[in-house]
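First the structure, in the form of structure tokens, and then the observations on it.
Residue numbers (this note's numbering): 9 to 519.
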């Protein structure tokens, strides 16, 4: 297994910042010369070199925990892979050109040049994150936290199994009682869009369960082989995947790859191309069918009515309907192809904001940050949150880029960074992101957070950095910080007031 590495050694290794810099000029040239060919070639190059870098970090726990660097690479990879996927589908499966699709997006009139410029902005955003994430103090804190997490390999297996079973039973209870709905939670007394505080805390435990599944899998493969244990893992994983499936496609894919991420983290072994190809070949048919079914549920064929529906009622009925006719499957395959030609173009809102007439656009200048912070505060403390517009309500007041007030726009940090501070945003928001990560790391170390509490606290930001970096609102990041502080303070209070005589010593946080 990889041992802790020095900061000097890290700096001399393949520099992610330099790799990301090589992917930026192509998008600027594609915008200047209005060339889709340049965009295609650059996206292929960028996808290859960034994914290759990510692959080299797998199995190296002291690198995998560097979430700031990983998120910079993931954000760049998402944009380039998404573009080449959409471009490929337009070229070989659709009669419509990608320029036409862009032109008819949202409020309309979007040009390819503006879209290429948007990806250039996002690449600059990624470069800033990567560069700022190389700071030595952050590096040393990440080393300490990695050592603390690796100690969990010695965590009693019986307790680990009980945790996994306990979490699964809670998940099952929420499913069968109808609390878990399709893309929502259903609790009496709360309107659509409102969420109980305990639900937010429960959801903050879901990424911890992903980590536990990865750790449990590592234990099984290395020493604890038995049919009962494998059955527990299979049961827990399926229940967890169902929970993420009811959220959306991104969350479902995150849960699948997240389990693999933590397995490789604890194994300390790099990716074996043959094994990965074999695993992908095995799970691809199931994953593809699940994503197709997810699209079906969201379509007119799968859901009737706009009211939230319990997942335990909806999913079985939708599955039966989905398999009742080949016509449904064929229609959904066509819809999915069309969706994949448009949905990956996630930089569209930013591109429209960049293209928006200078004389009409006004920037929020920090209002989004302030209002998002207000919305992250529990309702009983601040009841007049409607007076603090966020997301689409705030965006459309400054940039009229939608067809109507009810149109949904994919939120993201890079979009907010531009609508807040113009081109200065690609520096300001990454600074705030890195400051946030350093704060989290500092509290984890200074408060000596260990064991399962450490798993919960770290995994909250594992989800934020790997899932929400592409399409996550500023509110989601503040809520993640709030959940982190809740569990961290709870752990600190428990050890201070209840377990004071046996307060754990920070033996593995020493340099």
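Glycine is no exception: its CB is placed at the ideal position from the N, C-alpha and C atoms.
Please read these numbers as outputs of a predicted model, since none were measured by experiment.
Uninterrupted alpha helix (DSSP H) stretches at least 4 residues long and entirely within the region 198-269 occur at 205-230 and 235-255, given in chain order. As for any alpha helix (DSSP H) of minimum length 4 sitting wholly inside the region 419-491, the runs are 421-429, 433-454 and 459-471, ordered along the chain. The straight-line gap separating the alpha-carbon atoms of residue 180 and residue 367 is approximately 54 Å.
In this structure the region 57-76 does not lie against the region 115-123, because fewer than three pairs of beta carbons, one per stretch, are closer than 8 Å. Approximately 38 Å separates the beta-carbon atoms of residue 210 and residue 25; this is outside 8 Å, ruling out the contact. Cβ-Cβ distances below 7 Å link residue 77 to 24, 138 and 141 in the same chain, with the five nearest sequence neighbours on each side left out; the list follows chain order. Non-local beta-carbon contacts of residue 410 in its own chain, meaning distances under 8 Å to residues more than five positions away in sequence, involve 114, 115, 400, 404 and 417 in chain order. In the structure shown, residue 174 adopts helical secondary structure according to DSSP, grouped into three states. The residue from 437, 445 and 224 with its alpha-carbon nearest to that of residue 469 is 445. For residue 408, the three-state secondary structure derived from DSSP is coil.
Residue 331: not part of any alpha helix (DSSP H); DSSP gives it neither H nor E. Sequence-distant partners of residue 344 (beyond 5 residues in either direction) whose C-beta falls short of 8 Å from its own C-beta, in its chain, are 299, 300 and 303. Following the DSSP letters along the chain, one finds residue 114 in no alpha helix (DSSP H), marked with neither H nor E.
The closest CA to that of residue 27, considering only 54, 43 and 420, is found on 54. Residue burial annotation: residue 169 is buried, with at least 16 other C-beta atoms found within 10 angstroms of its C-beta. If you draw a straight line from the Cα of residue 305 to the Cα of residue 357, it is about 26 Å long. Ranked by how close their Cα comes to the Cα of residue 62, the residues 47, 83, 45 and 136 have 83 in first place. By the C-beta density criterion, residue 150 is buried, having at least 16 other C-beta atoms within 10 angstroms. Looking at the backbone, the Cα of residue 486 and that of residue 381 are separated by about 6 Å. In the structure shown, the three-state DSSP call for residue 379 is helix. Comparing C-alpha distances from residue 242 to each of 478, 108, 231 and 220 shows the shortest one belongs to 220. In the three-state reduction of the DSSP assignment, residue 397 falls in the coil class, being assigned neither a helical nor a strand state. Here DSSP, grouped into helix, strand and coil, assigns residue 63 to helix.
Here residue 35 is not near residue 45, since their CB atoms are 8 Å or more apart. Under the three-pair Cβ rule at 8 Å, the region 426-437 counts as touching the region 369-377. Taking a cut-off of 8 Å on C-beta distances, the region 221-239 touches the region 264-274, as three or more cross pairs fall below it. Membership of residue 124 in the alpha helix (DSSP H) is indicated by the continuous run 120-140. Inter-residue distance for residue 327 and residue 297 is about 11 Å (C-alpha atoms, whole angstroms). The shortest C-alpha to C-alpha distance from residue 129 to any of 291, 173 and 29 is the one to 29.
The Cβ atoms of residue 281 and residue 479 do not sit closer than 8 Å to each other. Secondary structure note for residue 99: its alpha helix (DSSP H) is the uninterrupted segment 75-100. Around the beta-carbon of residue 502, fewer than 16 other beta-carbon atoms lie within 10 Å, marking it exposed. The shortest C-alpha to C-alpha distance from residue 378 to any of 402, 365, 361 and 449 is the one to 402. Nearest C-alpha to residue 136 among 434, 41, 505 and 50: 434. Its chain contains 445, 469, 470 and 473 as the residues whose beta carbon lies nearer than 7 Å to that of residue 75, once the 5 sequence neighbours on both sides are disregarded; these appear in chain order. Between residue 464 and residue 85 a beta carbon distance of about 27 Å is seen, past the 8 Å cut, so the two are scored as non-contacting.
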